[in-house]
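In our numbering, the protein residues as written are 5 to 425. The structure under discussion appears below in the form of structure tokens.
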Ligand code: LLP
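Dropping the structure here:
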């Protein structure tokens, strides 16, 4: 459920009419709903209660500081994968004690930043990384709390580009080698083992792969404890999928996911951490675009929008589906037309949807891409020198621009011309 509904014939974000925002900021833009972000975060905390837990929002899915502050104020932790994301979490006022640092390629500089600024735990993904962290922490005279990310060799049954838990993926250490790696962690100076980490992929639409992975983590917890390690936290990753196609998709609910967690690892006496991104942010955001032209092509009609693949790359990168709806509510049983929905970028890959049945829309009309809050704005680029588009946050009956559209001067001023030219 989200808070983007038609009211009096016009699509609203909570109590704000989308055309009102379009008039204020111009199209295209992203708009996020505070009520939806809040609701989704709470679904997870409620699903995990009464287990001791921390829901760490995966910042990579939507990293605007205003969004992070919204969630941070509710008590959310943050899952970061770069120094930049770490600084965003801090800028949102989230204490280091609620920030988890994941990622396969943390640099020594990033480790130093997090160790001096405060960190709940590093999710360590390899032995070389573990040794580097040991050196950095020792040189600072501190102890780095770590969980080792294990790769359980489980098929997440999702798009191959976002599956992470198979043995051929670059993530984590093979679970079969965990004893060896934890033994080395215990020997190295400057490290304090606190738990185990696992994340098998994103946009999972079944619970069964989670179950397989979590049962393996439960076994490993017993084994590592018997080998003398203190395991007090289990970071179970993110990955729960969302319904992108409202008419068809029905992924499992956070309550079912919470029940699964309780069933598989609930009796281990550990604090549970999860790292959901998409389920919190995905359906909390829309991409709003304007129709530039309707072009009648050879056997097909093109809806040419002012948004393009540089603004929302998921369809072109993963063949992802996003529902597209007109901002002006179509009358019941109004005729539809098949369109190829495209942007102005100069490549055929700049296609959002092919042969999509849409209510009649024409030049100047507004359309909304649903489920665009996650991996939308964060993956945008300035390809074709198209400025990054604004982000707007709605809260009840008011809205604020939380990232403004840069001017062309700002963009051009980032380039510099060497003295010999
Ligand atoms: N934790 C780790 C270690 C991750 O790598 C990810 C996502 C998450 C948590 C959050 O997963 P979520 O709950 O959002 O599924 N750009 C792709 C998705 C990439 C996901 C990468 N890792 C997309 O647009 O579908």
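Don't be surprised by glycine CBs; every beta carbon is placed ideally from N, CA and C. Small disclaimer: the values here were computed from a predicted structure and weren't measured.
When distances are taken from the beta-carbon of residue 207 to the heavy atoms of the ligand LLP, the shortest one is below 7 Å. In this chain, the alpha helix (DSSP H) harbouring residue 44 covers 38–52. When 242, 151 and 214 are compared, the shortest CA-CA separation from residue 225 is found for 151. The Cβ atoms of residue 169 and residue 156 lie closer than 8 Å to each other. In this structure, the straight-line span from the alpha carbon of residue 44 to that of residue 374 is close to 16 Å. Contact holds between the region 306–316 and the region 371–387, because three or more Cβ pairs, one in each stretch, are under 8 Å apart. A straight line joining the alpha-carbon of residue 9 with that of residue 17 spans about 7 Å. For residue 186, same chain residues with a beta-carbon under 8 Å away, outside a window of 5 residues either side, are 152, 197, 228, 231 and 233 in chain order.
Here the distance from the Cβ of residue 310 to the nearest heavy atom of the ligand LLP is not below 7 Å. For residue 297, the three-state secondary structure derived from DSSP is strand. Shown here, residue 326 sits in coil according to DSSP, grouped into three states, outside any helix or strand. In the three-state reduction of the DSSP assignment, residue 88 falls in the helix class, which pools H, G and I. Counting along the chain, the unbroken alpha helix (DSSP H) around residue 139 starts and ends at 131–144.
Close CB contacts of residue 173 within its chain, under the 8 Å cut and outside five residues either way in sequence, are with 155 and 167 (chain order).
The region 375–385 and the region 279–288 touch, with no fewer than 3 CB-CB distances between them shorter than 8 Å. Residues 400 and 401 of the same chain have their beta carbon placed closer than 6 Å to that of residue 19, with the five preceding and five following residues left out of the count.
By the beta-carbon neighbour count (other beta carbons within 10 angstroms, threshold 16), residue 394 is buried.
Along the length of the region 175–244, whole beta strand (DSSP E) runs at least 3 residues long occupy 195–201 and 237–239, reported in chain order. Unbroken alpha helix (DSSP H) runs of no fewer than 4 residues, entirely contained in the region 333–408, are not found. When Cβ pairs closer than 8 Å are counted between the two stretches, the region 45–53 is seen to touch the region 70–87, the count reaching three or more.
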